[in-house]
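The sequence shown maps to residues 3 to 137 in the working numbering.
All residues carry an ideal CB built from backbone N, CA and C; glycine is no exception.
To keep things clear, I will list the structure first and then write my remarks on it.
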Amino acid sequence: MAHQIIQPEGWAPAKGYANGVLAQDGTLYVGGQIGWNGAQVFEHHDFIGQMEQALRNIVAIVEAAGGAVTDITRLTWYVTDKKDYLARQREVGEVYRRVLGRHFPAMTMVVVAGLIEDEALVEIEATAVIAGADV
Numbered sequence: 003m004a005h006q007i008i009q010p011e012g013w014a015p016a017k018g019y020a021n022g023v024l025a026q027d028g029t030l031y032v033g034g035q036i037g038w039n040g041a042q043v044f045e046h047h048d049f050i051g052q053m054e055q056a057l058r059n060i061v062a063i064v065e066a067a068g069g070a071v072t073d074i075t076r077l078t079w080y081v082t083d084k085k086d087y088l089a090r091q092r093e094v095g096e097v098y099r100r101v102l103g104r105h106f107p108a109m110t111m112v113v114v115a116g117l118i119e120d121e122a123l124v125e126i127e128a129t130a131v132i133a134g135a136d137v
């Protein structure tokens, strides 16, 4: 099956993984995005800031594949601090709506002991289905 690697323009190259893989059937698999920017630099050191950046990264990959936020069908969240996440639900909702609007795909939230990047507090992976994708 043919597929295309998706890398937003201007982003630092992914090393040992792909940020996105678009399959021939239009399914886009977005690798786990953390709270660093396209240059792989953390601008935020708190959960909310990193969450917003991770969601913006997902949107950038979906758009680079020719899709839109509404094409996202699944999000899987990995968080390192359950208490911080639960204590900041209002802010989580505000940021989520600012980035993804009122689009709510299937979601899973998993609490993990840690992430590969020591500074990362959240990692989010996504799946999208992009109609008319030309791979």
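- DSSP assignment within the stretch 24–110 yields the following whole alpha helix (DSSP H) runs of 4 residues or more, N-terminal first: 49–66, 84–89 and 91–102.
- Annotated three-state conformation of V114 is coil, per DSSP.
- In terms of Cβ geometry, V112 and M53 do not form a close pair [threshold 7 Å].
- For the pair Y80 and E125, the CB atoms are nearer than the 7 Å cut-off.
- The C-alpha of G40 lies about 19 Å from the C-alpha of T129.
- The beta carbons of I118 and G68 sit no closer together than 7 Å.
- The alpha-carbon of A56 is positioned some 5 Å away from that of Q35.
- Spatial neighbours of E121 in its own chain (CB-CB distance under 6 Å, excluding positions within 5 residues in sequence) are listed in chain order as F44.
- The beta carbons of H105 and T78 sit no closer together than 7 Å.
- In the DSSP assignment, G22 is bridged to I8 and V32.
- By the neighbour-count criterion, in which 16 or more other beta carbons inside 10 Å mark a residue as buried, A108 falls on the exposed side.
- The DSSP-derived three-state label of I132 is coil.
- If you draw a straight line from the Cα of A14 to the Cα of Q6, it comes to about 18 Å.
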